[in-house]
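Structure below.
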């Protein structure tokens, strides 16, 4: 039962006190003025109910070195922390929890905080900057306080707007900065596997069709060897036929698509017609039997039932050597 408020029953709690000033909410720190009332005590320097005031800790003593304002000393510097959080998925019964790997940035200049989630295709969730850069207040009942650099450590959890984040690791700059403040960092934790991402990856891979036996994508070969032509000097031995003689040729091998073009060198006053091209640019088959029949060479979307697809029926660069004769179909000596 409380004592009645009568003369002689009340006590003066200000006996012996000499300071009765009231803390101000505006503060000048590092030659920069901004609102700062988180660690300010009540009247006379007495802590407010539920207030926690951390003593400033640092490995460097004050007054040593050149003092710069906060906006200049910590300009373009941010502490990077790797976070994980759990979010429920109501549509998926088997994997109803998804682990979000997010990255946070704590700016020392104005104690601002930002949470960024990497973008993943087809997740159906809010991605990118999920918490914009501003001062984040602590949850109830400390909603009048804000998060500072002393509240973050590896292995610690914090709540921002009803969502719980767990710090699993940080970069080297953040680790060195926190150690200089006297904060003992915890051991880095490994990011657990996300069951929903594993399920989604397996589902995506099952929807991709298998590649054909033959490599049919020639874009890389075309980009690397466009306008690259190999030139070979050869002759055609036509002495076995009536009035036949050796005929000089020039063989051009195009590296872009493995095609061959043959042009004849016609001497002056030879009596031969000056045809522009002896063999137009095409893939040169090795033998007559290797010429495909209609329906043998098809697109990758059709089923080839006439034989095993292969490239051995045409000449490629490995087949062209100096002094090597070709088959009876061509009768050309390089």
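In the UniProt record's numbering, the protein residues as written are 1 to 334.
Don't be surprised by glycine CBs; every beta carbon is placed ideally from N, CA and C.
Taking each of 200, 258, 202 and 247 in turn and checking the Cα distance to residue 225, the smallest one comes out for 258. Residue 201 and residue 193 have their C-alpha atoms spaced approximately 12 Å apart. The residue from 268, 256, 189 and 196 with its alpha-carbon nearest to that of residue 218 is 256.
Taken through DSSP and simplified to helix, strand or coil, residue 270 comes out as coil. Only buried fits residue 253, as 16 or more other CB atoms lie within 10 angstroms of its CB. Contact annotation: residue 181 and residue 149 have beta-carbon atoms nearer than 8 Å. Listed as beta-bridge partners of residue 164 by DSSP are 159. For residue 3, same chain residues with a beta-carbon under 7 Å away, outside a window of 5 residues either side, are 9 in chain order.
Around residue 129, the same chain offers 116 as residues with beta carbons nearer than 6 Å, after the five sequence neighbours per side are excluded. Apart from sequence neighbours up to five positions away, the residues of its chain that approach residue 222 with a beta-carbon distance below 6 Å are 256, ordered along the chain.
By the Cβ neighbour-count rule, residue 154 is buried, with 16 or more other Cβ atoms within 10 Å of its own. The beta carbon of residue 178 is closer than 7 Å to those of 185 in its chain, skipping five residues each way along the sequence. A direct Cα-to-Cα measurement between residue 176 and residue 78 gives close to 12 Å.
Annotation for residue 230: the continuous beta strand (DSSP E) segment containing it runs 229-236. Exclusion of the five residues before and after residue 157 leaves 164, 165, 166 and 167 as the residues of its chain whose Cβ lies within less than 8 Å of its Cβ. DSSP, read as helix, strand or coil, puts residue 128 in strand. Under the DSSP definition of a beta bridge, residue 249 partners with 234 and 264.
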